[in-house]
Structures are given as C-alpha cells and as structure tokens.
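Working notes, structure below.
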Amino acid sequence: MNQESPQQPNMDPTSLYREEVYSDQRVGTLRRLVPVLPSGEQDPARPVVFVGQATVMTPMGSLPLSFELDADDLAAAVAAFGPAAQRAIEEAAREIQEMRRQAASSIVIPDAGAAALKGRGGMGGGGIQMP
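With this note's numbering applied, the sequence shown corresponds to residues 95 to 225, in that order.
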C-alpha cells in the first residue's frame with residue numbers, strides 16, 4: 095500500500111544536479127549545474143547547465159533575474175553573462191510595461207444586478223433591501 099499521492103513532492107532521482115556557485119561579488123552570480131547519478135557521480139549523458147543571476151533595482155524595489163547561459167565551460171559562461179543579463183533586463187522591462195498597459199486599459203464593469211435595480215427604481219448599491 096505504498097501508493098504515491100499526486101500532490102506529494104517527490105524528487106526525480108534521474109534529474110539530479112550538483113550545484114556550484116561562482117560570484118564576482120559585484121555584478122551577479124553564476125550557477126554551474128552538474129548532472130549527477132543517484133550515486134552522486136557525474137552523469138556524462140546529460141550536459142552541464144550554466145545559469146546567471148542578477149538583481150536589478152527598480153522604482154518598486156529589487157527585481158531578481160535568472161537566465162540560462164549558452165556555455166560549455168565556466169570561462170564561456172562568464173563571457174556570456176553580460177549580454178544574457180542585458181537581454182533578461184530588457185525582457186523584464188517589456189513584461190513590466192505590458193502589465194502596466196493591461197492594468198491601465200482594464201475596464202471595470204458594474205454588477206449587472208445592481209445596475210438593473212438602479213434602472214428600475216430599485217435601491218441600487220448592491221441590491222440589499224431592508225424590510
């Protein structure tokens with residue numbers, strides 16, 4: 095009776111990574127994700143993944159950014175960091191601008207029942223009537 099619940103958070107032993115963190119303590123952080131077998135040994139069948147992380151200050155506070163780097167080794171990841179961070183910043187700015195545009199163009203439609211009551215001489219204000 096060892097059935098797994100679909101909501102139980104189980105790790106996939108075939109998708110494990112060892113994480114190494116590198117930082118210049120100024121601009122950002124590089125994470126090197128090394129695929130490993132359940133034994134902890136490196137898995138040569140899967141590629142190493144590099145992820146860049148940076149924080150951008152906005153008028154609303156700090157915005158953490160995370161972006162994958164197209165690199166085969168640490169030196170290439172360091173070289174790719176700047177351009178990838180710039181693309182992530184530009185994409186975040188576009189997304190924020192789109193959210194602002196959507197918020198500014200949203201239309202508030204009053205409750206249809208309350209509007210009907212107001213039009214028919216009802217009490218309005220949400221349709222609550224007192225005896």
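Every residue gets a Cβ at the ideal spot worked out from N, C-alpha and C, and that includes glycine.
- Cα atoms of A187 and P153: separation of roughly 12 Å, rounded to the nearest angstrom.
- In the DSSP assignment, V150 falls within the unbroken beta strand (DSSP E) covering V143 to T152.
- In this structure, the CA atom of P107 is about 35 Å from the CA atom of E189.
- The Cβ neighbour count for A173, taken over all protein chains shown within 10 Å, is under 16; the residue is labelled exposed.
- For E184, the enclosing alpha helix (DSSP H) has its first and last residue at L168 to S199.
- Under the 10 Å beta carbon count, A139 is surrounded by fewer than 16 other beta carbons and is classified as exposed.
- In the DSSP assignment, S156 is bridged to M151.
- One thing to note: L163 has its Cβ within 8 Å of the Cβ of V145.
- Boundaries cannot be given for R140, as no beta strand (DSSP E) includes it and DSSP labels it neither H nor E.
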